[in-house]
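Colleague: Please find one structure pasted underneath; my questions will follow.
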Amino acid sequence: MTELAKKRPEFRNIHALKDLPNYRLPAAGIVSILHRISGVIMFLLMPFIIWMFDASVSSEISFSRFKAAFNSGLWFVPGWCIKLVALVLIWAFLHHLIAGIRHLYMEVTHSLTKEFGKSSAIATLALSIGLTVVLGAKLFGLY
Amino acid sequence: MSVNYGSQRIVVGAHYGVRDWLGQGITAGLIALFTLVVLAQVLSTAGPIGYDKWAGIFAAQWMKVLTFSIILALLFHVWVGIRNVFMDYIKPVAVRLTLQIFSIVWLVGCAGWAIQVLWRL
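Top line first, the protein sequences correspond to chains A and B. Each step along the first sequence adds one to the number in this note's numbering, with nothing skipped, and position 48 is 29. Count along the second sequence from 1, add 374, and you get the number used in this note's numbering.
Here's what the structure looks like:
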């Protein structure tokens, strides 16, 4: 066995603090972990999502309260903070949707090459972040 | 680590495999299609969308039925996803089982709330 082969580190289990910060994750890996994180975010914010649905469809009065929450705030939470949470949800949904379509496409068409994994992962990141920026600018009234 | 009960089976495992994986993919496809249906109705609405137009989208009977199915699809989809997360990161059986019970209560509660909102429209 050569010297080089002997020195290769062996990961039985990666340590969150010691190994993860200098672990160079490929684009597909970034898409994968963000898919998971965006899913958990939407799981935790589900009451807020249903509150938005409830307030926006239930009545004229609740609809105006829904709109006011984004402009002048709700309870003790300022409007920009609600907008920021909504923006996080927009990103989480877009990323989860696009990464999910990529995942299904790869499974159905057996597009499992390293090259396609990388290029589709970069496209996923570009599309989800790009759309989030466009919708976020609209949400914060930049256009 | 989790204790095995019977051959290869742990009490907080996935009971094993294909049904959940396939179900998650299919519900994902349904949710994506539903997104398109809502988006198409929003984009085809002329002028600014006020309360009437927005609530009108969900008030149609076919849309209520469809939204109801999608809420149930989401319930299954999120349950499989969140359980997979717990299975990857939470190793002690007692903690994982507690989190799974919390998730079921959380999800069924959320689904009930969403269906209540939908059905009084």
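By construction, the Cβ of each residue, glycine as well, lies at the ideal position given by its N, Cα and C atoms. Note that this is a predicted model, so its numbers are computed, not measured.
(1) Within 10 angstroms of the Cβ of histidine 91 (chain A), are there 16 or more other Cβ atoms? Answer buried if so, exposed if not.
(2) Taking only beta-carbon atoms, is tryptophan 487 (chain B) less than 8 angstroms away from chain A?
(3) Do we get a CB-CB distance below 8 angstroms when we pair phenylalanine 450 (chain B) with the residues of chain A?
(4) Using the C-alpha atoms, what's the distance from alanine 433 (chain B) back to histidine 16 (chain A)?
(5) With 9 angstroms as the C-beta to C-beta threshold (strictly closer), list the residues of the segment 402 to 419 of chain B near chain A in chain order.
(6) Note down, in chain order, every chain B residue with its Cβ under 8 angstroms from the Cβ of glutamate 88 (chain A).
(7) Against isoleucine 456 (chain B), what residues of chain A qualify as contacts under a CB-to-CB distance less than 8 angstroms, listed in chain order?
(8) Rounded to the nearest angstrom, how far is the Cβ of proline 7 (chain A) from that of lysine 99 (chain A), given a contact under 8 angstroms?
(9) Going along chain B in order, which residues have a C-beta closer than 7 angstroms to the C-beta of proline 2 (chain A)?
(10) Pairing CB atoms from the segment 44 to 51 of chain A with CB atoms from the segment 63 to 73 of chain A, are three or more of them under 8 angstroms?
(11) Is the CB of valine 439 (chain B) under 8 angstroms away from at least one CB in chain A?
(12) My output table needs one value for leucine 396 (chain B): the three-state DSSP class, helix, strand or coil.
(13) Residues of the segment 25 to 40 of chain A in Cβ contact with chain B at a cutoff of 7 angstroms, in chain order, please.
(14) Cβ closer than 7 angstroms: which chain A residues qualify as neighbours of alanine 429 (chain B)?
(15) Rounded C-beta distance between isoleucine 405 (chain B) and phenylalanine 24 (chain A)? I'm assuming under 8 angstroms.
Modeller: Taking the structure as given:
(1) As a first step, residue 91 (chain A) must be located in the first sequence, where it is residue number 110. It is exposed - the Cβ of histidine 91 (chain A) has fewer than 16 other Cβ atoms within 10 Å.
(2) Start at 1 with the first residue of the second sequence, and residue 487 (chain B) comes out as number 113. Closer than 8 angstroms to some Cβ of chain A, the Cβ of tryptophan 487 (chain B) qualifies, so yes.
(3) Counting from 1 along the second sequence, the entry for residue 450 (chain B) is found at position 76. Taking 8 angstroms as the CB threshold, phenylalanine 450 (chain B) stays off the interface with chain A.
(4) Numbered from its first residue, the first sequence carries residue 16 (chain A) at position 35. Numbered from its first residue, the second sequence carries residue 433 (chain B) at position 59. Going from the Cα of histidine 16 (chain A) to the Cα of alanine 433 (chain B) covers about 32 angstroms.
(5) Answer set for the segment 402 to 419 of chain B: Ala402, Gly403, Ile405, Ala406 and Thr409.
(6) As a first step, residue 88 (chain A) is located in the first sequence; it is residue number 107 there, counting from the start. Neighbourhood of glutamate 88 (chain A) in chain B, by CB distance below 8 angstroms: Gly399, in chain order.
(7) Along the second sequence, read from residue 1 onward, the residue named residue 456 (chain B) stands at position 82. Using a Cβ-Cβ cut-off of 8 angstroms, isoleucine 456 (chain B) is close to Gly20, Val21 and Phe24 of chain A, given in chain order.
(8) Working through the first sequence from its first residue, we reach residue 7 (chain A) at position 26. Working through the first sequence from its first residue, we reach residue 99 (chain A) at position 118. With a Cβ gap of about 7 angstroms, proline 7 (chain A) and lysine 99 (chain A) count as contacting.
(9) Working through the first sequence from its first residue, we reach residue 2 (chain A) at position 21. Within 7 angstroms Cβ-Cβ: nothing; proline 2 (chain A) doesn't reach chain B, min ~18 angstroms.
(10) These segments touch.
(11) Numbered from 1 along the second sequence, position 65 holds the residue referred to as residue 439 (chain B). For valine 439 (chain B), the answer is no, since every Cβ of chain A falls outside 8 angstroms of its Cβ.
(12) The residue labelled residue 396 (chain B) in the question sits at position 22 within the second sequence. Here leucine 396 (chain B) sits in helix by DSSP.
(13) Residues Met27, Pro28, Ile31, Phe34, Asp35, Ser37, Val38 and Ser39.
(14) Residue 429 (chain B) sits at position 55 when you count from the first residue of the second sequence. Within 7 angstroms Cβ-Cβ: Val38.
(15) As a first step, residue 405 (chain B) is located in the second sequence; it is residue number 31 there, counting from the start. As a first step, residue 24 (chain A) is located in the first sequence; it is residue number 43 there, counting from the start. In fact, because the Cβ distance is near 14 angstroms, the residues do not count as touching under 8 angstroms.
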